[in-house]
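Below you'll find the structure, written out as structure tokens, and then a few comments.
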Amino acid sequence: MDASIPSSAAKLLDLIGNTEAPKGYDVIFGNNQKHLPKKLTSMTISEVIAAGPGWSKAYGSSAAGRYQFMNQTLKSLKISESLTGTEKFSPDLQDRLGYALLDRRGYEKFASGKLSVVAFGLALAQEWASFPVLEACQGAHRWIERGETYYAGDHLNKALITPERVEAILNEHPMRFMLALAGGNIAVASGDASKIAKLVSVASDPQKCEAIREQGKEAMIPIYGEATSHNACAATLCCFLNAADINVPMERGAGALAKYLEKTRGWARVKVGGQKPGDVAVCFDNTKPAGADHIYLVVKCLDSDEMLIADNQTNYCPRIRYASGHGQTAVEYFLRADTNANSMLQIAALNAGNDFNSPRLDEIVDVDEPTDDLRIRFNPDGTPV
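Structure follows, in structure tokens:
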């Protein structure tokens, strides 16, 4: 996935791509790519547009690429995205064009809470025929029921995914979570806070730490093809959190994990000097690429600067580290599982655009350290994808 795509949008694009064209970026409609003189991704966008009408005649549709772009859609995207036509129809370009289509269909309105799941689901179904409508409505050719393609009746398209799966991924969006919080549901955040004692206990046990560090190493197999502690700070912290029943998805980027804890789970920022056991430290480095440089768990505070921490960087933990750095990257801020309902509601409202005179959420690092540029290249057994 192109690195410029926001993670929540990337997850949705993956679902679209895996549904529309499971075989990837070189696919044309009906899996007829074997008839092409060269791979789709080696063609320029102008070449793809020029070939589209011929594909329609030969195969029934001009749909091309991972997101099955129609010919007319590509023509309009070429204009709206200011493309010259000489750009290769590469995976990254397809991802960016897919994101542009999401935006056309109301993604930003959906992300800000101004468009409902049902309405955005309809917009997706209108763009991608393999997606179902989420409630009965008038389709392109006839009245359609929930779960049918918007284009039912054309004798060409059908929904290839259930409405429940679409709803599930849309409801995973951080904004939907925050809107739920604004309605009074703070179960996740308060649940996290109740498990901090267990988290600190696990991280205080050297043997458990060693086992968790091994899990963190194994989580890097999809990146490097082998288990390694290199760049495994976020993966290791995820393993610590999961060991304490704070169930989080596997994130391999320090900035991405910090963003997830703050924006999705409602963890609150704590200034350096106010940290306590169970907090998560987020270090920031201005060296290019600037961003979150390291992330780790505070196990014990010896004073306002010196701490015992658990991370991926040594063969033993907990170990000594300083908030001020002492030769390592200094802590920018700490994150804490927060049980304060008002704090949770402030975060929710801030995501919705309301001002509570709180720190702007867009101050969260968006360009992270190299770990957030990691891409899965291997299967869990270490074989290349």
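Position one of the sequence shown corresponds to residue 256 (the working numbering), numbered consecutively onward.
Where is the CB? At the ideal position from N, CA and C, for every residue including glycine.
Let me make sure I understand the geometry here. Which of the options has the alpha-carbon closest to that of residue i?
i, options, result
"Arg-574", "Cys-494, Ser-459, Ala-487 and Ala-592", "Ser-459"
"Asn-426", "Val-537, Val-372 and Leu-411", "Val-372"
"Pro-418", "Glu-400, Val-303 and His-581", "Glu-400"
"Glu-473", "Leu-552, Asn-486 and Gln-462", "Asn-486"
"Ile-300", "Gln-349, Leu-516 and Ile-476", "Gln-349"
"Val-421", "Ile-271, His-581, Leu-590 and Tyr-588", "Ile-271"
"Val-455", "Tyr-551, Gly-521, Ala-395 and Gly-279", "Tyr-551"
"Lys-333", "Arg-351, Pro-261 and Ala-313", "Arg-351"
"Thr-638", "Ala-391, Pro-477, Glu-469 and Pro-504", "Pro-477"
"Gly-309", "His-290, Glu-336 and Lys-294", "His-290"
"Thr-569", "Ser-297, Gly-315 and Thr-491", "Thr-491"
"Gly-315", "His-410, Ala-264 and Glu-336", "His-410"
"Gln-470", "Tyr-479, Ser-484, Val-457 and Pro-461", "Ser-484"
"Gly-402", "Ala-414, Gln-393 and Thr-341", "Ala-414"
"Pro-461", "Asn-567, Tyr-577 and Met-298", "Asn-567"
"Asp-447", "Val-503, Gly-408, Ala-258 and Gly-340", "Val-503"
"Val-525", "Lys-518, Val-535 and Lys-369", "Val-535"
"Phe-495", "Gly-533, Met-475 and Gly-480", "Gly-533"
Residue i by DSSP, collapsed to three states: which one?
i, result
"Lys-453", "helix"
"Glu-342", "coil"
"Gln-462", "helix"
"Val-553", "strand"
"Leu-561", "Inspection of the sequence shows that residue 561 is occupied by Glu rather than by Leu. Three-state result, Glu-561: strand."
"Glu-275", "helix"
"Thr-404", "strand"
"Tyr-577", "strand"
"Cys-572", "coil"
"Ile-260", "coil"
"Gln-530", "coil"
"Asp-548", "strand"
In whole angstroms, give me the CA-to-CA distance for residue i and residue j.
i, j, result
"Ile-283", "Ala-318", "6 Å"
"Asn-286", "Met-256", "21 Å"
"Phe-539", "Ala-513", "11 Å"
"Lys-266", "Ile-424", "8 Å"
"Tyr-322", "Ile-467", "38 Å"
"Ala-374", "Ala-489", "35 Å"
"Pro-292", "Ala-306", "11 Å"
"Trp-383", "Lys-555", "51 Å"
"Leu-516", "Phe-589", "11 Å"
"Gly-325", "Ala-366", "For the record, residue 325 in the displayed sequence is Met; it is not Gly. Approximately 25 Å between the Cα atoms of the pair."
"Ser-579", "Val-553", "14 Å"
"Lys-453", "Tyr-571", "19 Å"
"Ser-337", "Glu-465", "52 Å"
"Leu-509", "Ile-501", "Per the sequence shown, the amino acid found at residue 509 is Ala instead of Leu. Those two C-alpha atoms are separated by around 17 Å."
"Lys-312", "Met-298", "20 Å"
"Ser-559", "Val-527", "8 Å"
"Thr-296", "Lys-531", "51 Å"
"Val-457", "Leu-563", "13 Å"
"His-581", "Glu-561", "10 Å"
"Glu-587", "Val-537", "6 Å"
"Trp-398", "Ala-391", "7 Å"
For the beta strand (DSSP E) holding residue i, just list the boundary residues, first then last.
i, result
"Val-586", "586-591"
Report, in whole angstroms, the separation of the C-beta atoms of residue i and residue j, which I expect to be a contact under 8 Å.
i, j, result
"Gly-376", "Leu-356", "Contact doesn't hold; Cβ gap of about 15 Å is too wide."
"Ala-276", "Ile-451", "Their Cβ separation, rounded to whole angstroms, is 44 Å, which puts Ala-276 and Ile-451 out of contact at 8 Å."
"Ala-380", "Pro-387", "6 Å"
"Ala-258", "Tyr-354", "Not quite, the Cβ-Cβ distance comes to about 12 Å (not below 8 Å), so this is no contact."
"His-549", "Thr-519", "Actually they do not touch by this definition, with Cβ atoms about 21 Å apart."
"Gly-320", "Tyr-280", "6 Å"
Is residue i near the ligand MG - that is, is its Cβ less than 7 Å away from at least one heavy atom of it?
i, result
"Leu-557", "Summarising the ligand content, the structure contains no ligands, and the ligand MG is consequently not present."
What residue does the alpha helix (DSSP H) around residue i start on, and which one ends it?
i, result
"Phe-539", "No alpha helix (DSSP H) holds Phe-539; the beta strand (DSSP E) holding it covers 535-540."
"Arg-524", "Run containing Arg-524: none in the alpha helix (DSSP H); it sits in the beta strand (DSSP E), 523-525."
"Ser-297", "Per DSSP, Ser-297 belongs to no alpha helix (DSSP H) and is neither H nor E."
"Val-373", "372-382"
"Lys-421", "Correcting the residue type first, residue 421 is Val in the shown sequence and not Lys. Its alpha helix (DSSP H) spans residues 418-426."
"Gly-285", "From DSSP, Gly-285 is part of no alpha helix (DSSP H); its letter is neither H nor E."
"Pro-504", "Here Pro-504 belongs to no alpha helix (DSSP H), and DSSP marks it neither H nor E."
"Tyr-322", "Run containing Tyr-322: none; DSSP gives neither H nor E here."
"Phe-495", "488-498"
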